[in-house]
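K.L.:
Under this note's numbering, the residue at position 51 of the sequence shown is numbered 55, and the numbers go up by one with no gaps.
A virtual CB, placed ideally from N, CA and C, is assigned to each residue, including glycine.
Being a predicted model, the structure only gives us computed values, none of them experimental.
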Amino acid sequence: MGGGIKRFLPAIGSTRLVMLFALVLVVFYNAATWKALHGLVPLQGLKGFAFFASFAAFLWAAFTLLLTLVSFRPLLKPALTLVALCSAGATYFMGSYGISIDTVMVQNVFETNA
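1. Keeping to the same chain, check which residues put their C-beta closer than 8 Å to that of G52; ignore five residues upstream and five downstream.
2. Is the region 93-100 touching the region 58-77, taking contact as three or more C-beta pairs under 8 Å?
3. Can you name the start and end residues of the alpha helix (DSSP H) that S100 belongs to?
4. Can you find at least 3 beta carbon pairs, one from the region 6-24 and one from the region 64-84, that sit closer than 8 Å?
5. DSSP state of Q111, grouped into three classes?
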């Protein structure tokens, strides 16, 4: 009669976790990217849909590749938590203020004396 709550939760490997997390990053944390891209490339017809689908697949593959580099067991959950928090903050500020975060903005954050 042991096991507690763990027997009700499905086990998920680090690779599958990274792939699902990368999908969440592409779909939910890149709203500003999708909005800007929609302003540049209209989603009309098969060509527009194919472009957006291939761009989503590229982002997913890039995020998966980068997150796989930190997919060691003791490092994975803290790294994914840090990425999720940073992505949520960046998404909030980009959506609220209509800005784009680039290397100059990140440099300004670290050089601000507050």
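P.N.:
Let me lay it out:
1. Within the same chain, Cβ atoms closer than 8 Å to the Cβ of G52 are found at V45, P46, the five residues on either side in sequence being excluded.
2. Result no; under three Cβ-Cβ pairs closer than 8 Å.
3. Element bounds for S100: 77-101.
4. Per the Cβ contact rule, the region 6-24 is in contact with the region 64-84 (3 or more Cβ pairs under 8 Å).
5. The three-state reading of DSSP puts Q111 in helix, counting H, G and I together.
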